[in-house]
Amino acid sequence: MAERGRGRPAPRTRRRLPPRRRRRAEEPDRPGRCPGGAAAADRRRALTPPGRPVAGRAGTSEPRRNVAAVDVEGQVARVLAELRDRADPVRAANERRYLKSAFVHLGVPVPAIRKAAVPVARELPDRGELLALAGALWTVEDAGRPVHEARMAAVEVLVKRVGLLEPGDIAVAERLILDSASWVYVDNLADRVAGALVLREPGLGAVLDDWAADPCMWLRRSALLALLPGVRTGAPDLPRISRFGDALIGESEFFIRKALGWVLREQSRKDPAWVTGWVEARIADVPGVTLREAVRHLPDGDAARLTAARKAAQRR
Numbered sequence: 000m001a002e003r004g005r006g007r008p009a010p011r012t013r014r015r016l017p018p019r020r021r022r023r024a025e026e027p028d029r030p031g032r033c034p035g036g037a038a039a040a041d042r043r044r045a046l047t048p049p050g051r052p053v054a055g056r057a058g059t060s061e062p063r064r065n066v067a068a069v070d071v072e073g074q075v076a077r078v079l080a081e082l083r084d085r086a087d088p089v090r091a092a093n094e095r096r097y098l099k100s101a102f103v104h105l106g107v108p109v110p111a112i113r114k115a116a117v118p119v120a121r122e123l124p125d126r127g128e129l130l131a132l133a134g135a136l137w138t139v140e141d142a143g144r145p146v147h148e149a150r151m152a153a154v155e156v157l158v159k160r161v162g163l164l165e166p167g168d169i170a171v172a173e174r175l176i177l178d179s180a181s182w183v184y185v186d187n188l189a190d191r192v193a194g195a196l197v198l199r200e201p202g203l204g205a206v207l208d209d210w211a212a213d214p215c216m217w218l219r220r221s222a223l224l225a226l227l228p229g230v231r232t233g234a235p236d237l238p239r240i241s242r243f244g245d246a247l248i249g250e251s252e253f254f255i256r257k258a259l260g261w262v263l264r265e266q267s268r269k270d271p272a273w274v275t276g277w278v279e280a281r282i283a284d285v286p287g288v289t290l291r292e293a294v295r296h297l298p299d300g301d302a303a304r305l306t307a308a309r310k311a312a313q314r315r
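0 is the number of the first residue of the sequence shown in numbering that gives the first Met the number 0; add one for each residue after it.
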């Protein structure tokens, strides 16, 4: 069977990382996770395409330079107005506790966030407008703290119009992932933005190689999740799935173990024999959460055999 027992860990090459930025005082220090901490103005500049002005924001000293900046502000205002109309303080408090979030939460469910963001996204004529709007939404703040729903809207805008993005815009996804503090933003950026770009331009797999070896836990998780579009469309990058799996199988982070299980679970829908073989060859090392996801869609006999084999290996 293809790739069975193959795929040794790739050498962990280190790339030069950007200088560490100061974390926000409100954000908890989570070792190994990489919470965002850039100033809002710096984040907006990082997300603005070359040659485009940085959109000003009420209450800042940044000038409004041209009509494009005013239009972006108007689009952001439309989205925020709809989000605030749907605010639910009780839901906001519960969601903030669940996500252990230091951000401002309005309490708007994801379908309603999407309903507010998608119509504006449909109006965008080009890539520059898309990146400007996403950057402006991402950096919305209330009392100095990011607004959860605005960040979610930024992700929805990018997902909806990902076809406007160029291969090099995987760097935008990377910057947003590095500025994220939760899976709730990371997962769609990795799967539906970065993953969509990798599917369109396979050469971007080299970027995922860097992510898989990055000190930032969210980038390592993203390296796995960005492989999902290829799996779903029947064009899985089996060498990378195997290589990343071998490199990350010993991770202590739950979020990495779970992501590896998701990739194996999705691949098992297309090629259960490959997943069975890959897991069986590493049964003593596969974390429990990874195995539970990996066997979810395998034939009952294979799932039971692998589960029993792991239990036996753990007793040794």
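Even for Gly, the Cβ is constructed at its ideal location relative to N, Cα and C.
Quantities reported herein were computed from a predicted structural model and do not represent experimental measurements.
For residue 222 versus residue 205, is the C-beta spacing smaller than 7 angstroms?
Not closer than 7 angstroms, so no.
Test item: CB-CB of residue 137 and residue 153 under 7 angstroms:
Cβ atoms of residue 137 and residue 153: closer than 7 angstroms.
Let's test the definition: count the other Cβ atoms within 10 Å of the Cβ of residue 57 and tell me whether it reaches 16, buried, or not, exposed.
Caution is warranted here: a pLDDT of 30 is assigned to residue 57, below 50, making its placement in the model unreliable, and the coordinate value is therefore given only provisionally. Counting Cβ neighbours within 10 Å, residue 57 comes out exposed, since fewer than 16 surround it.
Given a cut-off of 7 angstroms, decide if residue 170 and residue 194 are closer than it, judged by their beta-carbon atoms.
With contacts defined as CB atoms closer than 7 angstroms, residue 194 and residue 170 fail to qualify as a contacting pair.
Cut-off 8 angstroms between Cβ atoms - residues of its own chain near residue 296, not counting five sequence neighbours on either side
So the qualifying residues of the chain are 264, 267, 268, 271.
Using only CA atoms, which one of 99, 216, 305 lies nearest to residue 258?
Cα-wise, what sits closest to residue 258 is 216.
Where residue 86 and residue 214 are concerned, what is the direct C-alpha to C-alpha distance, given to the nearest angstrom?
C-alpha separation (whole angstroms): 36 angstroms.
Spatial neighbours of residue 255 in its chain, beta-carbon cut-off 6 angstroms, leaving aside the 5 residues before and after:
Closer than 6 angstroms at Cβ, skipping near neighbours: 219, 220, 247.
Helix, strand or coil at residue 281 according to DSSP, with G and I counted as helix:
Correct three-state label for residue 281: coil.
Under a three-way DSSP split, which group does residue 250 fall into?
The answer is coil: DSSP assigns residue 250 none of H, G, I, E or B.
Can you look up residue 140 in the DSSP assignment and give me helix, strand or coil?
If DSSP states are grouped into helix, strand and coil, residue 140 belongs with the strands.
For the alpha helix (DSSP H) holding residue 88, just list the boundary residues, first then last.
Here the alpha helix (DSSP H) through residue 88 covers 88-98.
Own chain residues within Cβ distance below 6 angstroms of residue 50, not counting five before or after
Summary for residue 50: the model assigns pLDDT 33, below 50, so the residue's position carries little reliability, and this model does not support an answer.
For the alpha helix (DSSP H) containing residue 103, name the first residue and the last one.
Careful: residue 103 lies outside any alpha helix (DSSP H) and carries neither H nor E.
Look at the Cβ atom of residue 166, then the Cβ atom of residue 200, and state whether they are nearer than 7 angstroms.
Contact: yes.
Just the C-alpha distance for residue 306 and residue 290, rounded to the nearest angstrom, thanks.
Our two residues, residue 306 and residue 290, have alpha carbons roughly 8 angstroms apart in a direct line.
Classify residue 181 as buried or exposed, calling it buried when 16 or more other Cβ atoms lie within 10 Å of its own Cβ.
Flag for residue 181 reads buried.
Do residue 191 and residue 146 have their beta-carbon atoms positioned less than 7 angstroms apart in this structure?
Going by beta carbons, residue 146 and residue 191 fall outside the 7 angstroms limit.
How would you call residue 62, buried or exposed, if buried means at least 16 neighbouring beta carbons within 10 angstroms?
Residue confidence for residue 62 is low, a pLDDT of 34 falling below 50, so the modelled location carries little weight; the figure read from the coordinates is stated next. Of the residues assessed, residue 62 falls on the exposed side of the cut-off, its CB having fewer than 16 other CB atoms within 10 angstroms.
First through last residue of the alpha helix (DSSP H) which encompasses residue 232:
Per DSSP, residue 232 lies in no alpha helix (DSSP H) segment and is marked neither H nor E.
Own chain, CB closer than 8 angstroms to residue 312, minus 5 neighbours either side, in chain order:
A distance below 8 angstroms between beta-carbons, with the five flanking residues on each side excluded, links residue 312 to the following residues of its chain, in chain order: 282, 283.
Answer yes or no: do residue 104 and residue 95 have a C-beta to C-beta separation smaller than 7 angstroms?
Taking 7 angstroms as the cut-off, the Cβ atoms of residue 104 and residue 95 count as close.
Between the C-alpha atoms of residue 144 and residue 135, what's the straight-line distance to the nearest angstrom?
If I take the Cα positions, the gap works out to 14 angstroms.
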